[in-house]
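Worksheet: one structure, shown below.
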Amino acid sequence: MGESGETADNSYVIRPNFQHKFKPAAVKERIHQVLKEELASNDPEQVPALTRALSETIKDKLKEMGYDRYKLVVQVVIGEQRGEGVKMAARCFWDADTDSYAQGIYMNDSLFCVAAAFGCFYY
Amino acid sequence: MDEQSAEETAFVVDDVSNIIKDAVESTIGSSAYQHNRVNHPVETSLNQLTKLGKPFKYIVTCVILQKNGAGLHTASSCFWDNTVDGSCTVRWENKTMYCIVSIFGLAL
Numbered sequence: 001m002g003e004s005g006e007t008a009d010n011s012y013v014i015r016p017n018f019q020h021k022f023k024p025a026a027v028k029e030r031i032h033q034v035l036k037e038e039l040a041s042n043d044p045e046q047v048p049a050l051t052r053a054l055s056e057t058i059k060d061k062l063k064e065m066g067y068d069r070y071k072l073v074v075q076v077v078i079g080e081q082r083g084e085g086v087k088m089a090a091r092c093f094w095d096a097d098t099d100s101y102a103q104g105i106y107m108n109d110s111l112f113c114v115a116a117a118f119g120c121f122y123y
Numbered sequence: 001m002d003e004q005s006a007e008e009t010a011f012v013v014d015d016v017s018n019i020i021k022d023a024v025e026s027t028i029g030s031s032a033y034q035h036n037r038v039n040h041p042v043e044t045s046l047n048q049l050t051k052l053g054k055p056f057k058y059i060v061t062c063v064i065l066q067k068n069g070a071g072l073h074t075a076s077s078c079f080w081d082n083t084v085d086g087s088c089t090v091r092w093e094n095k096t097m098y099c100i101v102s103i104f105g106l107a108l
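From first to last, the protein sequence lines stand for chains A and B. So the first sequence is numbered by the numbering used here: it starts at 1 and just counts up by one. So the second sequence is numbered by the numbering used here: it starts at 1 and just counts up by one.
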């Protein structure tokens, strides 16, 4: 248990300290950045692949932000703008002290995009 | 004994998808599109899931889309432990709307 250099040693951390907590505001900023970059030029044929690529990109960016004790779930919804009504809701059953979420919305003339990122601390 | 406890604490996709289907049908059923009703299936399915008593954290999201001929795509990407965590997505529709419910279960 914790002998070799390969396996991670126990850190005995059961709660993230403030620096390490999932920060919704910072994550929201990052999501907005990614959405603006990726959706500035869009092609209707590529939307399925774009949706998947976007969720992978956002997840990778979040990993870079250093939330290594966190399990991440990123969900991206892209739809055509045709005047239809859409509503998205989420409910979570978790530890409100350590876990949080952030969302970003991007709209242009032809499409709208909602990205939600959830982070759950792994005890 | 170990196998039994492993099964009980794994994310069982079939059970979860049945729970979601029942929750959606009982809450929005065959009614017309009303955007303020999206919360009901989410809360009901979350309540049913927590009653299962498994050591999981749950994230439930629901998208309700009016039927208008428009297209919609959803994708999700997760950074977790594949052996114990799981997700399940249920698509449901009636005459006026589509309802897509996604459940992510993260083991403790």
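Cβ coordinates follow ideal geometry from the N, Cα and C atoms, glycine included. Note that the coordinates shown come from a computational prediction; the quantities given were computed from them, not determined experimentally.
So, is the C-beta of Ile-19/B closer than 7 Å to a C-beta in chain A?
As a working mapping, residue 19/B is identified with position 19 in the second sequence. Chain A contact via Cβ: absent.
Taking the straight line between their C-alpha atoms, what separation do you get for Val-38/B and Asp-9/A?
Translated into positions along the second sequence, residue 38/B becomes position 38. Translated into positions along the first sequence, residue 9/A becomes position 9. Distance between the alpha carbons of Val-38/B and Asp-9/A: 44 Å.
Below 8 Å on the Cβ atoms is my contact criterion, and I expect Val-63/B with Ile-103/B to pass it. Report the Cβ-Cβ distance as a whole number of Å.
Residue numbering aside, residue 63/B sits at position 63 when the second sequence is read from its first letter. Residue numbering aside, residue 103/B sits at position 103 when the second sequence is read from its first letter. That belief does not hold up - the Cβ atoms of Val-63/B and Ile-103/B are roughly 13 Å apart, past 8 Å.
Check the Cβ-Cβ distances between Arg-15/A and every residue of chain B, and say whether any is below 7 Å.
Position 15 of the first sequence, counted from the first residue, corresponds to residue 15/A. Output row for Arg-15/A: interface = no.
Ser-76/B: contacting residues in chain A (beta-carbon distance under 8 Å)
Position 76 of the second sequence holds residue 76/B. Under the 8 Å cutoff, chain A gives Ser-55, Val-73, Val-74, Gln-75, Val-76.
Taking the straight line between their C-alpha atoms, what separation do you get for Tyr-70/A and Tyr-122/A?
To locate residue 70/A, count along the first sequence from 1; it is residue 70. To locate residue 122/A, count along the first sequence from 1; it is residue 122. In a straight line, the C-alpha of Tyr-70/A is about 6 Å away from that of Tyr-122/A.
How about Phe-93/A: is its C-beta nearer than 7 Å to some C-beta of chain B?
Position 93 of the first sequence, counting from 1, holds the residue named residue 93/A. Output row for Phe-93/A: interface = yes.
Given a threshold of 16 other Cβ atoms within 10 Å of its Cβ, counted over all protein chains shown, does Gly-69/B qualify as buried or as exposed?
The residue given as residue 69/B occupies position 69 in the second sequence. When all chains shown are included, Gly-69/B counts as exposed.
Mind checking if Lys-87/A is an interface residue toward chain B, Cβ cutoff 7 Å exclusive?
Here residue 87/A refers to the residue found at position 87 when the first sequence is read from its first residue. Interface residue, yes.
Per-residue contacts from Pro-48/A into chain B (C-beta, under 7 Å):
Looking up residue 48/A in the first sequence gives position 48. Ordered by position in chain B, the residues that pass the 7 Å Cβ test against Pro-48/A are His-73.
With three or more C-beta pairs closer than 8 Å as the rule, is the region 86–96 of chain A touching the region 44–58 of chain A?
no
Along the region 33–45 of chain B, what residues have a CB closer than 7 Å to any CB found in chain A?
Tyr-33, His-35, Val-38, Asn-39, Val-42, Glu-43
Output the distance between the C-alpha atoms of Leu-39/A and Gln-34/B, rounded to the nearest integer angstrom.
Counting from 1 along the first sequence, the entry for residue 39/A is found at position 39. Counting from 1 along the second sequence, the entry for residue 34/B is found at position 34. Approximately 29 Å between the Cα atoms of the pair.
Mind checking Arg-91/B: buried by the 16 CB within 10 Å criterion, or exposed?
If you number the second sequence from 1, residue 91/B lands on position 91. Exposed: under 16 other Cβ atoms inside 10 Å.
How should Gly-79/A be labelled, buried or exposed, when 16 other C-beta atoms within 10 angstroms of its C-beta is the threshold for buried?
The sequence position of residue 79/A within the first sequence is 79, counting from 1. Answer is buried; the Cβ neighbour count reaches 16.
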